[in-house]
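Per the numbering used here, the sequence shown starts with residue 17, numbered consecutively.
Cβ coordinates follow ideal geometry from the N, Cα and C atoms, glycine included.
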Amino acid sequence: MANKKSSIYQPLTESEAIALAKRLQLFDEKSQLTCNEIGDGNLNLVFRVVNSENNESVIIKQALPYAKVVGESWPLTLDRSRIETNALIKQSEFVPNLVPKVYYSDEALAITIMEDLSHLQIARAALIDGKNLPLLSKHIGEFLGKTLFYTSDYGLDQHYKKELVKQFINPDLCKITEDLVFTDPFFNHDTNEYETELQPDVDQIWEDQALKLEVAKLKHLFLTKAEALVHGDLHTGSIFADETETKVIDPEFAYFGPIGFDIGQVFANLLLNALSKDTEKQDILFDHIEETWEVFVAEFSKAWKEDAIETFASVEGYLEYVLSEIFEESVGFAGCEVIRRTIGLARVADIEGIEPKEKRLLTKQLALQVGSELIKNRKSIKTPKEIKSYTKQPVNF
């Protein structure tokens, strides 16, 4: 992969994206290239450059110096592009089949050029459409087990790991998570978004001091537990998939944090999709949650037994203790994400697309209850199967 530091930043246009692709000789010299800006995310420009003669293509992603979802009033560092590129490269060391290939990056222009995954579908959209994605949880469990073990103190030289921690310091995007996941939804903050009919349910969350205490503990873990290189934003909108293939994208929120955070994000977004469906269609999502954890445990345990460099790894019971702590934290983080995606900024189409409105409101009320219960009861929940028991209230119409 080529890497370059140019001198002047400027946002690309579609014609400039084509010119860049030609200059880098990513296509044959005589190729007829077309380009479309396809980004529908919150933070970046995303261009798809296609050779119209043979349909070969690449993605050119460029960070903007502000949050696209809000505008220039919310400035952001361009360094997140470097973070994303380096995270993809690091993840590819362990799961090359589960992340897009990186072809080129330019730190100053905040550009990453990578494999085009347009033949796949965003997992959130596929799940909303009712598609099965039979290998999704197996692949995500493998991604989690390998990337989190091999970037942790259990599987990585501690000195080198501390050097990596410095490389992935990511204060701007961590601050977004700290606020939008762990703080704002639990207080009367102007970033929150919800229907007025939900106000009594929201007030209950804001007034629940026991819940806030537990959220404060989880936030402290997110702030201080530099356990492994986490993706940092691993929801179903950050995953491309079909029946046979899965790719994890967009690790610009990556930093060294608690292992359970990524797992909790996955749990929560699968759970939100389950809540959006009628009862008889929910089991496949709960199966995905269970299999994600089971495969994570299998991959993490296999790596522990074969490659652990921590001296205490051979002590009987230590692996089980670590996995128990990870699961407890995962459940708590999942609860925070469920609440955030229900009443905070950046809600999800799984829930927002529910019609009629009455059914959507009931689903959101249930989501808030489930999120709260997961946070407060995370120490007593021992298996993913138990998560389903907190969603018993039907919202069928």
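**Request:** Can you give me the Cβ contacts of Ile185 inside the same chain, cut-off strictly under 6 Å, excluding the 5 residues immediately before and after it?
**Result:** none
**Prompt:** So the beta strand (DSSP E) Thr50 belongs to, where does it begin and stop?
**Reply:** Leu49 to Glu53
**Asked** Under the three-state reduction of DSSP, which class applies to Gln78: helix, strand or coil?
**Response** strand
**Asked** According to DSSP, is Asp217 helix, strand or coil?
**Response** helix
**Asked** Can you find at least 3 beta carbon pairs, one from the region 336-349 and one from the region 381-388, that sit closer than 8 Å?
**Response** no
**Request:** Go ahead and label Gln78 buried or exposed: buried means 16 or more other beta carbons lie within 10 angstroms of its beta carbon, across all protein chains shown.
**Result:** buried
**Message:** Quick check on Asn412: does DSSP put it in helix, strand or coil?
**Reply:** The pLDDT assigned to Asn412 is 44, lower than 50, so where the model puts this residue is not dependable; a value taken from the coordinates is nonetheless given after this. Coil.
**Request:** Kindly list the residues whose CB is nearer than 7 Å to the CB of Leu40, restricted to its own chain and excluding five residues on each side of it in sequence; keep chain order.
**Result:** Tyr120
**Asked** If you compare alpha carbons, which of Glu374, Ser89 and Leu152 is closest to Asp259?
**Response** In the sequence as presented, Asp is not what sits at residue 259; that position holds Glu. Ranking the options by Cα distance to Glu259, first place goes to Leu152.
**the region 347-357 contacting the region 283-301, beta-carbon criterion three pairs below 8 Å** = yes
**Request:** Could I get the ranges of all uninterrupted alpha helix (DSSP H) runs contained in the region 306-381, with 4 residues as the minimum, in chain order?
**Result:** 334-359 and 365-368
**Message:** According to DSSP, is Leu61 part of a helix, a strand, or is it coil?
**Reply:** strand
**Prompt:** Does the Cβ of Gln107 have 16 or more other Cβ atoms within 10 Å, making it buried, or fewer, making it exposed?
**Reply:** buried
**Beta-carbon proximity of Glu306 to Lys401, cut-off 8 Å** = yes
**Asked** Is it true that the region 161-172 meets the region 311-321, where meeting means three or more beta-carbon pairs spaced less than 8 Å apart?
**Response** yes
**Asked** Grouping DSSP H, G and I as helix and E and B as strand, with all else coil, what is Lys162?
**Response** helix
**Message:** So for Gln107, helix, strand or coil by DSSP?
**Reply:** helix
**Asked** Hey, which unbroken runs of the alpha helix (DSSP H) at 4 residues or more fall wholly within the region 195-249?
**Response** 215-223 and 225-240
**Prompt:** When you compare each of Lys375, Tyr406 and Leu377 to Leu390 by their alpha carbons, which one comes out closest?
**Reply:** Tyr406
**Asked** How is Ala139 classed by DSSP in three states: helix, strand or coil?
**Response** helix
**Message:** Measuring only the C-alpha atoms, how far is Ala37 from Val65?
**Reply:** 8 Å
**Prompt:** Which first and last residues belong to the beta strand (DSSP E) in which Phe277 is found?
**Reply:** Premise fails: Phe277 lies in the alpha helix (DSSP H), Ile275 to Leu291, not in any beta strand (DSSP E).
**Asked** Which residues does DSSP pair with Glu268 in a beta bridge?
**Response** Answer is none; Glu268 lacks a bridge partner.
**Item:** Length of the line joining the Cα atoms of Phe269 and Asp188
**Value:** 9 Å
**Proximity test, Gln183 beta-carbon vs the ligand MG heavy atom, cut-off 7 Å** = The model on display carries no ligand, and the ligand MG is accordingly not part of it.
**Prompt:** Secondary structure at Lys404, three-state DSSP: helix, strand or coil?
**Reply:** helix
**Message:** Rounded to the nearest angstrom, what separates Gly369 and Val246 at their Cα positions?
**Reply:** 29 Å
**Message:** My output table needs one value for Pro187: the three-state DSSP class, helix, strand or coil.
**Reply:** helix
**Item:** Backbone CA spacing between Ile76 and Arg98 [nearest angstrom]
**Value:** 14 Å
**Request:** May I have the straight-line CA-CA distance separating Glu213 from Asn204, to the nearest angstrom?
**Result:** 16 Å
**Prompt:** Would you call Thr399 buried or exposed, if buried means 16 or more other Cβ atoms sit within 10 Å of its Cβ?
**Reply:** exposed
**Request:** Might you give, ordered along the chain, the residues of its own chain that have their beta carbon closer than 7 Å to the beta carbon of His304, omitting 5 neighbours on each side?
**Result:** Leu152, Ser153 and Leu286
**Item:** Proximal residues to Ile6 (C-beta, below 6 Å), its chain only, five neighbours per side dropped
**Value:** Residue 6 cannot be examined here, being either before or after the span of the chain that is shown, 17 to 413.
**Item:** Length of the line joining the Cα atoms of Leu125 and Pro27
**Value:** 8 Å
**Item:** Segment limits, beta strand (DSSP E) that includes Glu131
**Value:** Ile127 to Glu131
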